[in-house]
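For the sequence shown, the positions run 1 to 165 when full-length UniProt numbering is used. A virtual CB, placed ideally from N, CA and C, is assigned to each residue, including glycine. The next block holds one structure in the form of structure tokens; read it before the comments.
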Amino acid sequence: MIPGQRVEPQPGQESVWDYPRPPRLEPVAKRLRVLFGGETIADTRHGFRVLETSHPPVYYLPPADLRLEFLIATARSSFCEFKGNARYWTVQVGERTAPDAAWSYEQPSPGFEAIRSYLAFYASRMDACYVDDEKVQPQPGGFYGGWITGDIVGPFKGGPGSWGW
């Protein structure tokens with residue numbers, strides 16, 4: 001699919017093509033969970049989501065609701081034109097490791113201060129991520145970290161041929 005082939009949302013759904021650019025940050029009251037290696041890494045109802053045109057939402061979870069003993073800061077970093085400099089985290093439970101599986105903004109750009117030190121997780125690198133009781137699908141491509149649920153429609157940036165969207 002290409003951007004011109006927008007999927008029309010049904011009642012109760014959102015289209016990622018209606019999300020803004022620059023992105024919007026909003027609180028989310030839904031339960032967000034991250035599971036890896038037989039452990040619950042995160043469980044919260046106090047998250048935020050970032051909504052950006054063509055992307056499924058990226059969920060940010062507060063450090064107070066994370067199992068910090070399973071998170072190891074890494075040397076990797078990246079830059080987002082909207083949120084600033086990101087640092088990355090490896091998730092390790094026993095012998096299982098998911099390198100650079102989460103990221104955070106320690107000094108976020110103006111407008112994103114609410115997610116300072118909150119972590120977002122790549123669903124593709126975890127055993128499971130949930131929004132309420134729905135297991136999410138990872139955003140295609142592995143570069144972006146959006147979580148796809150049944151209440152959003154695309155097409156989604158990240159898959160083959162979508163880099164220039």
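- Annotated three-state conformation of Pro-63 is helix, per DSSP.
- With a beta-carbon spacing of about 12 Å, Leu-61 and Met-126 fall beyond the 8 Å limit used to define contacts.
- CA-to-CA, the gap between Pro-27 and Phe-48 works out to about 4 Å.
- Judged by DSSP secondary structure, Val-93 falls within the beta strand (DSSP E) whose first and last residues are 84 to 93.
- Following the DSSP letters along the chain, one finds Phe-112 in no beta strand (DSSP E), marked with neither H nor E.
- Within the model, the alpha-carbon separation for Ser-15 versus Gly-38 is close to 33 Å.
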